[in-house]
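Have a look at the structure below before the remarks.
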Amino acid sequence: MDALPSPSSSSSPSTLKKVGSERSEVSTMSGLLGLGGGGGGGGGGGEDQRGSSTFEYFGWVYHLGVNSIGHEYCHLRFLFIRGKYVEMYKRDPHENPGIKPIRRGVVGPTLMLEEVGRRKVYYGDVYVLRFFNRLDESKKGEIACATAGEAQKWLEAFDQAKQQAEFELTRGGSARNKLNMETELNLDVHRPRVRRYASGLKKLIRIGQGPETLLCQSSSLGANGSTDGYFERDINDAIEAYEWKCVRTINGVRIFEDVANSESGKGVIVKAVAVIDASADTAFEVLLNLERHQRYEWDMLTGDLELLDSYDGHLDVVYGTFDPRYLTRWHSKRDFIFSRQWFCGQDGTYTILHFPAVHKKKPPRSGYRRTKINPSTWEVRNLNTSMGSNTPRCLVTQMLEINSAGWCRWKKNHCSKFEKSVPYALLCQVGGLKEYIGANPALKFESSTTVIQSKLSEVSVSNAEFEESEVKDEFYDAMSADSSSSDEELDNKDSKLNLALKRTSAADANKELDSEVAPVMIDPSQFRGSLRNGKDEADTNCWTCPSGMGFMIRGKNYLKDNSKVMGGDPLLKLIAVDWFKVDKSLDRIALHPRSLLQSQAGKKLPFVLVINLQVPAKPNYSLALYYASDRPAKPGSLFAQFVDGSDMFRDARFKLIPSIVEGYWMVKRAVGTKACLLGKAVTCKYFRQDNFLEIDVDIGSSSVARSVIGLVLGYVTSIVVDLAILIEAKEEAELPEYILGTVRLNRLKLDSAVRLEV
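The opening residue of the sequence shown carries number 1 in full-length UniProt numbering; numbering runs sequentially from there.
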């Protein structure tokens with residue numbers, strides 16, 4: 001099979017002046033063959049009556065597809081996004097003035113993008129983005145990027161284009177544009193406010209290092225984050241029960257023990273932490289790279305690795321061998337098998353999970369002793385660079401579970417048998433990674449995103465020129481032919497959590513409900529779902545309603561100092577939970593005859609928010625949460641804008657904070673405690689009718705979410721999970737945030753789900 005095509009010229013825009021690097025929101029990872037492409041930086045764009053500002057994203061990607069005779073193709077293409085318009089070229093238009101695009105399209109509000117994950121294309125690994133029309137999934141296409149971070153940047157670029165499309169529509173664009181979009185947007189509803197920039201200023205964002213690096217990829221995004229607070233409680237949105245104590249420092253790497261759970265008798269959870277002078281992208285690339293000669297330079301244990309199988313772009317199974325002479329006095333060869341599962345959160349933090357595994361391709365070998373590798377995780381996140389420094393930095397944390405027998409002795413004595421053990425060798429991987437990257441300066445400074453500012457661009461085409469040409473196709477229509485962000489302000493500065501601040505009060509939240517309407521008394525006994533309400537915290541297979549104090553939300557001064565406060569009492573009351581078993585994902589569950597909203601008591605409620613979490617499995621499940629208010633939403637409030645607003649506004653604001661209160665520590669690390677904009681992570685469908693708004697959350701629409709929920713279901717009978725839902729506040733008038741509702745799910749049993757016939 002042929003190798004991936006390589007370009008013949010550089011893409012660096014020599015006519016424009018580089019003024020700095022865009023802030024990195026998400027880390028990246030290269031494949032075995034570097035592919036020019038990636039993602040544009042954050043920020044917003046838009047137009048205003050007082051001036052205009054437009055973001056332009058450009059870079060090299062691979063266009064993947066199947067031609068008319070059924071053959072797969074992978075073509076190198078230069079992608080250019082300006083406002084809501086997208087163009088695709090065979091060559092860089094910066095270096096080939098006058099070249100015509102081979103494809104041109106409009107990014108409409110119904111465009112959906114999904115990060116499919118890593119895929120082997122010819123002889124290289126790429127990160128694939130799939131896009132489709134959420135109203136017609138037959139309209140679809142795929143592009144591929146060099147690294148996971150660059151793919152995330154393209155997601156942000158397309159999301160910015162969607163925002164631009166809605167912004168222009170709500171401001172009164174041309175009649176033709178309105179006709180193109182009026183079936184997708186309601187013109188009478190609230191529009192999200194878009195950040196504005198100086199008049200006449202364009203912001204050009206070059207994505208990727210250009211084609212000259214495609215066959216020797218080592219790109220990285222500029223690092224961002226704060227040096228303040230390396231502990232989970234400082235960066236997460238839910239309060240965790242870990243209590244980490246530093247017990248040893250080895251060559252600049254700190255070794256911690258979770259003393260809060262050390263007496264549980266279930267093994268000891270330890271971690272090694274180090275700050276590395278490279279972007280999170282670079283560290284992530286090195287960690288996932290199986291190339292033997294590179295791993296020999298930093299990994300004393302898992303240097304000889306072989307890929308056995310790869311699944312869904314975010315999970316693979318690896319076989320390895322190691323020579324035990326460096327660990328024990330025995331010289332019998334050892335081998336092992338483990339699975340690797342990885343994903344990137346919306347805050348740009350990479351997580352890698354390692355589980356011991358078995359595989360039919362590698363039964364026990366003669367002459368080798370099969371070793372069980374300890375369950376472990378890697379977490380990599382960017383840090384802010386120091387003042388006056390351009391060197392990126394990231395925080396790397398490796399966490400693993402070990403037997404407590406030798407741990408306590410090693411903790412007290414410098415020399416012990418523990419230093420000849422596999423867990424110790426695993427903990428030393430952080431130090432090896434730090435030294436390897438430090439000894440290779442080329443890994444530190446390359447950036448996959450460059451921001452360029454100019455008053456005029458010789459390449460850029462004006463909006464008027466775009467509009468005069470007949471650009472009628474949605475971009476995914478153009479991409480599907482034969483080829484012969486986000487609205488959220490993802491601030492990478494660590495939130496300065498001030499626990500001394502008062503938690504959000506009910507009075508703050510109640511400004512969202514109409515005070516001129518007499519409240520209705522809600523009697524929970526009138527409502528009963530298929531999942532029962534628990535009696536106490538020790539009860540199982542049930543739900544309860546915790547307070548919001550376990551969650552950290554944006555405080556009154558968040559826009560000034562990033563401070564977060566403890567959540568207060570929820571605005572809405574959880575009145576029932578349904579736990580259904582279905583043959584296929586079920587939308588509009590509130591209209592089903594068995595839904596409580598079809599009861600007389602349900603119809604009398606002023607307002608009900610229905611959250612239908614669609615869980616992919618065999619069979620599928622639906623977890624329906626019913627939150628009621630005693631009054632309707634106050635007109636003009638953020639809550640009212642969300643309830644009656646556009647789907648795009650809801651996607652940009654609907655936020656969920658998860659927290660595994662009790663359960664296996666690996667599940668806790670997989671789920672995390674960071675807030676997630678659900679509309680950006682998975683497909684959400686909204687249904688507004690009568691006295692309710694239903695949100696159908698298709699967890700199976702994201703390969704990452706499917707992978708994580710699959711892990712959770714394996715331990716669901718032994719975990720307690722808290723969820724908080726809220727509307728993200730972006731403007732000062734919307735602060736502080738408040739929690740819409742919470743739920744605690746206590747050790748659910750899959751077989752207790754009630755069969756729901758459609």
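For glycine and all other residues, C-beta sits at the position ideal for the given N, C-alpha and C. Since this is a predicted model, take the numbers as computed values, not measurements.
Just so you know, the alpha carbons of residue 703 and residue 520 end up roughly 42 Å apart. In the DSSP secondary-structure assignment, residue 517 is not bridged to any residue. Under DSSP, residue 339 forms a beta bridge with 317 and 355. Pairing residue 597 with residue 591, the inter-Cα distance amounts to about 7 Å.
For residue 389, the secondary structure class from DSSP, reduced to helix, strand or coil, is coil. Annotation: the continuous beta strand (DSSP E) that includes residue 658 extends over 654-662.
Per DSSP, residue 432 is one residue of the alpha helix (DSSP H) stretching across 422-438.
In the DSSP assignment, residue 739 is bridged to 726. The alpha-carbon of residue 153 is positioned some 12 Å away from that of residue 347. About 19 Å separates the Cβ atoms of residue 701 and residue 156, ruling out a contact at the 8 Å cut-off. Per the Cβ contact rule, the segment 726-740 is not in contact with the segment 532-545 (fewer than 3 Cβ pairs under 8 Å). About 16 Å separates the Cβ atoms of residue 273 and residue 402, ruling out a contact at the 8 Å cut-off. In the same chain as residue 130, and ignoring 5 residues on each side of it, the C-beta atoms closer than 6 Å to its own belong to 114, 116 and 142, in chain order. Taking a contact as a CB-CB distance under 8 Å, the pair residue 109 and residue 648 counts as one, their CB atoms being some 5 Å apart. Fewer than three Cβ pairs drawn from the segment 643-658 and the segment 345-365 lie within less than 8 Å of each other, which leaves the two stretches out of contact. Following the DSSP letters along the chain, one finds residue 307 inside the beta strand (DSSP E) bounded by residues 304-311. For residue 699, the CB contacts under 8 Å within the same chain, skipping 5 residues up- and downstream, are 613, 614, 615, 616, 682, 705, 706 and 709 in chain order. Cα atoms of residue 742 and residue 724: separation of roughly 4 Å, rounded to the nearest angstrom.
Nearest to residue 144 by alpha-carbon distance, out of 408, 532, 127 and 527, is 127.
For residue 246, the pairing in a beta bridge is given by DSSP as 256. Note that the C-beta distance between residue 622 and residue 578 is below 9 Å. With 16 or more other CB atoms across the displayed protein chains lying within 10 angstroms of its CB, residue 558 is buried. Within the DSSP secondary-structure output, residue 702 pairs in no beta bridge.
Going by beta carbons, residue 652 and residue 680 fall inside the 9 Å limit. Comparing alpha carbon positions, the residue from 407, 322 and 79 closest to residue 367 is 322.
Taken atom to atom, the span from the alpha-carbon of residue 382 to that of residue 283 is near 10 Å. Here the alpha carbon of residue 260 sits roughly 14 Å from the alpha carbon of residue 661. Residue pairing from DSSP places residue 401 in a beta bridge opposite 269. The beta carbon of residue 236 is closer than 8 Å to those of 552, 672, 673 and 674 in its chain, skipping five residues each way along the sequence.
If you look at residue 296, you'll find it in the alpha helix (DSSP H) that goes 292-296.
Under the DSSP assignment, residue 689 falls in the beta strand (DSSP E) whose first and last residues are 683-689. If you check the CB distance, residue 575 and residue 524 come in under 9 Å.
Rounded to whole angstroms, the Cβ separation of residue 620 and residue 582 is 5 Å, and the two are in contact under 8 Å. With a cutoff of 9 Å on beta-carbon distance, residue 753 and residue 711 are scored as not near each other. Contact check for residue 313 against residue 119 passes: the beta carbons are separated by less than 9 Å.
The shortest C-alpha to C-alpha distance from residue 140 to any of 427, 102, 166 and 107 is the one to 107.
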